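Protein chains: 2
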Amino acid sequence: MELDERKVKILQAIIKTYLETGEPVGSRTISKMEGLNLSSATIRNEMADLEEMGYILQPHTSAGRIPSDAGYRLYVDQMMAEKALEREERALVPKDDEHEKLLAKVDRLETLLQQVAKVLAYNTNYATMVTGPNYKNTNVKFVQLSQVDDTQLLAVIVVGSNVIKNKMIDVDERIPNDELLKLNVLLNTFLTGVSVKEIDLELIQTMKQQAGIYADILEHIFDGILDAVRQASETEVYTSGANNILKYPELGDMNKAGELLEVLEEKKALNHFIADDDSGVSNQYGIQVYIGDETPVETLNDCSVVTATYELEEGVRGKIGIIGPKRMDYDKVVTTLRNLTDELDTIFKNKKT
Amino acid sequence: MELDERKVKILQAIIKTYLETGEPVGSRTISKMEGLNLSSATIRNEMADLEEMGYILQPHTSAGRIPSDAGYRLYVDQMMAEKALEREERALVPKDDEHEKLLAKVDRLETLLQQVAKVLAYNTNYATMVTGPNYKNTNVKFVQLSQVDDTQLLAVIVVGSNVIKNKMIDVDERIPNDELLKLNVLLNTFLTGVSVKEIDLELIQTMKQQAGIYADILEHIFDGILDAVRQASETEVYTSGANNILKYPELGDMNKAGELLEVLEEKKALNHFIADDDSGVSNQYGIQVYIGDETPVETLNDCSVVTATYELEEGVRGKIGIIGPKRMDYDKVVTTLRNLTDELDTIFKNKKT
DNA sequence: GTTAGCACTCGAAGTTGTTGAGTGCTAACA
DNA sequence: TGTTAGCACTCAACAACTTCGAGTGCTAAC
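Chains A and B, in that order, are what the protein sequence lines are. The opening position of the first sequence corresponds to residue 1 in the working numbering, with each subsequent residue numbered one higher. The opening position of the second sequence corresponds to residue 1 in the working numbering, with each subsequent residue numbered one higher.
Here is the structure:
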């Protein structure tokens, strides 16, 4: 069977209506719509075909049809393709007042990202997530060891765009001032300008050797630093709007909703979205749409997830994403995400100069 | 009308049964229980009295009774009084395996507190919150300004029990090394050993004067530091187990649950629980029970909240708390909280030595 | 290929009756 | 005077049944 243009039009009509109403849509509803002038009977025939092809399904006999995952997929792909064409229209999108709200808090990256999640949730009425940028490609900018008191050293590491990590290191005895100075020189020589992912046990080993006779004493200093670096390269995830999940009956039953909340709270699972830039079809503008089973997290199999990529600086990227029901306003979501990443990119670019 | 002993016993029986079953409890159920041997008719009379006195209420005619807020209050007060007596029994409570789980991550206070919230949620099946300690009574331990690059200074401030705050400060030009040194000496002279709440505009003003001719240039350095201190004294709130809310039908309907989730996510509102150590009746062991309308947050008026106080060090305290339905296992919750705070106190005490 | 017509399906919603847990009241009892 | 048995009454919850209507698939005619 072939998927001719009329079938596609009908499918689109079905999906659009379903997205709006949330109820199975029947043949009469479609036949009454302007555009294609066909009787309900004809629509019925086409619908039977579409069902056979797997794009729609019937919750039960004598009910209308709802889109299947495959149906959504087709719809989204179509939409993304259209969006790619009408690109020039984008310049017209007026800046909304998110802009200011966002900028108000720019001083700390974590706060900003958390804020982004919140604004996004507020604007879309879906649950949202924002992953911190992947620092592995960033360079170390500054390292410093300071003596806080007799038994404690403080290691401060600044990487990339002013992300600061601290680590307290316990020591047995106070380190003489000049030794500390030497140590700082050593650390900066070895680490400054080096990308985070290059700092591994091996490099630390080399440094230990350089430290010469102090190597033993400095054992856990280096370990502490390695620790801080590792900590810096851990990706953090911010979420918001979890309560929005309850707004959609198809997700709102106690069991599903509970699991979803858990995933959002736990956050670890959401890391699955940051790695794979390859999978997923609609990869335009760095935007990816995962529908139902396409999501890498099993708990989210009844949801759709849309993610977009923002760039903090060359090669340092993170994702912002939306988690909602499969019956999601994909169009609006994609637009919103696109605008928001644009805005973020601008903020980061300006910030840097 | 007087609340004699028998009435109290009946009330307790009603509440206990209701806590277990969650269903309105009728006169027969109570009369069949061992303890007091009374016919259902007698119980009915007593119940009518209890209702008149406002301790219980009827969802509708021909249904059993459920406790009112006042009823819960009486019950909790009674329980707390008993607990105060059987104090010696506490030594017997076996350490459970939370202990190790907790200790595993002690290195960062934030991680620890987040973990505490999680463990508590896991053990009780309620939503939980943990507020960070109130640093206002802590002393500054260490301050340092470092030049990160030509236009940026990094201020590091360590307060109290190794809580580290960072602040990036933009400057117009590179500060000469010796000036930086002087500045650091100045900062440490003025700030080290001073409690966080004492650092205010005035003190900063004095420091600015001391800085002499550099005062102007250093304007936003000091501002930055004040900022960092303020940041340090902001109380953070960690939450967990939000999904547990959905487990209790009386809170689980979309509207209420949604609002609750919002409060838990927003966290700001939860700060209302940290201030008032005075209100609330059951103030033993630093444990407070807020029932229904007693909660300082309106959204939580259908919930009960139980909080306990932990002590990070002398005078530096925070709260851990549980948010659940009014039909909450108060006994278990109080015990769990008491054990957990005990454990925390031990951890912090050992850590310090 | 399209459409009107028709019999059929089946969930949703409304109706009705039954059940049973629970009540309040009264009268008798200890 | 407090306690209890007995009884009529109430009312949510449940199940059985009906009705309604949106929707279907199929067939025959255009």
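Glycine included, each C-beta is placed from N, C-alpha and C at the ideal position. As the structure is a computational prediction, the values presented were derived from the model and not from experiment.
Would the C-beta of residue i count as close to the ligand COA, meaning under 7 Å from any of its heavy atoms?
i	result
Leu-340(A)	The ligand COA is not part of the structure shown, which contains no ligands of any sort.
Among all the DSSP beta bridges, which residues are the ones paired with residue i?
i	result
Leu-142(A)	Per the sequence presented here, residue 142(A) reads as Phe, with Leu not at that position. Answer is Val-158(A), bridged to Phe-142(A).
Gly-252(B)	In DSSP, Gly-252(B) forms no bridge with anything.
Ala-308(A)	Ile-320(A)
Ser-240(B)	Thr-128(B)
Ser-195(A)	Asn-139(A)
Tyr-290(A)	Val-305(A)
Gln-147(A)	Leu-153(A)
Lys-118(B)	Per DSSP, none; premise fails for Lys-118(B).
Val-163(A)	Val-159(A)
Glu-313(B)	Val-316(B)
Ser-325(A)	Sequence check: residue 325(A) is Pro here, not Ser. DSSP output for Pro-325(A) lists Cys-303(A) as bridge partner(s).
Given that residue i touches chain B, what residues does it touch there, using C-beta distances under 8 Å?
i	result
Ser-146(A)	Phe-142, Gln-144, Val-156
Ala-242(A)	Ala-242, Leu-261, Glu-265
Under 8 Å, Cβ to Cβ, is there at least one residue of chain B near residue i?
i	result
Ala-70(A)	no
Gly-160(A)	no
Lys-105(A)	Bear in mind that the predicted position of Lys-105(A) carries a pLDDT of just 49, short of 50, making it unreliable; the figure below should be weighed with that in mind. Answer no: the Cβ-Cβ gap between Lys-105(A) and chain B never drops below 8 Å.
Ile-66(A)	no
Asn-166(A)	yes
Drop a sphere of 10 angstroms on the beta-carbon of residue i, count the other beta-carbons inside from all chains shown, and report buried for 16 or more, exposed for fewer.
i	result
Ser-68(A)	buried
Ser-39(A)	exposed
Gly-224(B)	buried
Asn-350(A)	exposed
Lys-326(A)	buried
Gly-362(B)	Any answer about residue 362(B) is impossible in this case: the structure gives chain B only from 1 up to 353.
Lys-141(B)	buried
Leu-337(A)	buried
Gln-210(B)	exposed
Glu-265(B)	buried
Pro-249(A)	exposed
Glu-343(B)	buried
Gly-193(A)	exposed
Leu-19(B)	buried
Gln-205(B)	exposed
Thr-128(B)	buried
Leu-183(B)	buried
Ala-155(A)	buried
Leu-85(A)	exposed
Met-207(B)	buried
Thr-346(B)	exposed
Check the Cβ-Cβ distances between residue i and every residue of chain A, and say whether any is below 8 Å.
i	result
Thr-353(B)	Note on Thr-353(B): pLDDT 47, under 50, position unreliable in the model; the coordinate value appears next. It does not: the Cβ of Thr-353(B) has no partner Cβ on chain A nearer than 8 Å.
Gly-280(B)	Note that Gly-280(B) scores 42 on pLDDT, short of 50, meaning its location in the model is unreliable; the coordinates nonetheless yield the value given after this. No, no contact with chain A.
Leu-261(B)	yes
Leu-113(B)	no
Kindly list, in the order they appear in chain A, the residues whose Cβ is closer than 8 Å to that of residue i.
i	result
Leu-246(B)	Met-254, Ala-257, Gly-258, Leu-261
Give the list of continuous alpha helix (DSSP H) stretches no shorter than 4 residues that lie fully inside the stretch 18 to 46 of chain B. Uninterrupted alpha helix (DSSP H) stretches at least 4 residues long and entirely within the stretch 18 to 46 of chain B occur at 27 to 32, given in chain order.
Runs of alpha helix (DSSP H) lying entirely within the stretch 48 to 95 of chain A, each at least 4 residues, in chain order: Here the runs fully enclosed are 69 to 85.
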